[in-house]
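**Q** Counting with this note's numbering, you get residues -15 to 33 for the letters of the sequence shown. Glycine is no exception: its CB is placed at the ideal position from the N, C-alpha and C atoms.
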Amino acid sequence: MITLAGMASAQRDGFYLKDGDRVVFYGDSITEQRLYTAYIQQYVYLRYP
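In structure tokens form, the structure reads like this:
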């Protein structure tokens, strides 16, 4: 129940990145595969259309 309340609160507040903000994924060869970045991108697109 706590998780659901936290999710509802996050949706009300909106997305925390604004126009002009940058996100950096810093890592090694695993990060270079861009699998993590694809997961994050899909999550953001689905959660904040």
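(1) Under a three-way DSSP split, which group does glutamine 17 fall into?
(2) Taking 7 Å as the threshold (C-beta atoms), are tyrosine 32 and phenylalanine -1 in contact?
(3) For tyrosine 10, which of helix, strand or coil comes out of DSSP?
(4) Can you tell me whether DSSP reads tyrosine 29 as helix, strand or coil?
(5) Going straight from the alpha carbon of glutamate 16 to that of tyrosine 10, what length do you get?
**A** Put simply:
(1) Numbered from its first residue, the sequence shown carries residue 17 at position 33. DSSP places glutamine 17 outside both helix and strand once states are collapsed to three, so it counts as coil.
(2) Along the sequence shown, one-based indexing puts residue -1 at 15. Along the sequence shown, one-based indexing puts residue 32 at 48. Here phenylalanine -1 is near tyrosine 32, since their CB atoms are less than 7 Å apart.
(3) Locating residue 10 in the sequence shown gives position 26, where the first residue counts as 1. For tyrosine 10, the secondary structure class from DSSP, reduced to helix, strand or coil, is coil.
(4) Translated into the one-based positions of the sequence shown, residue 29 becomes position 45. Helix at tyrosine 29.
(5) Mapped onto the sequence shown, residue 16 falls at position 32. Mapped onto the sequence shown, residue 10 falls at position 26. Answer to the nearest angstrom: the Cα atoms are 9 Å apart.
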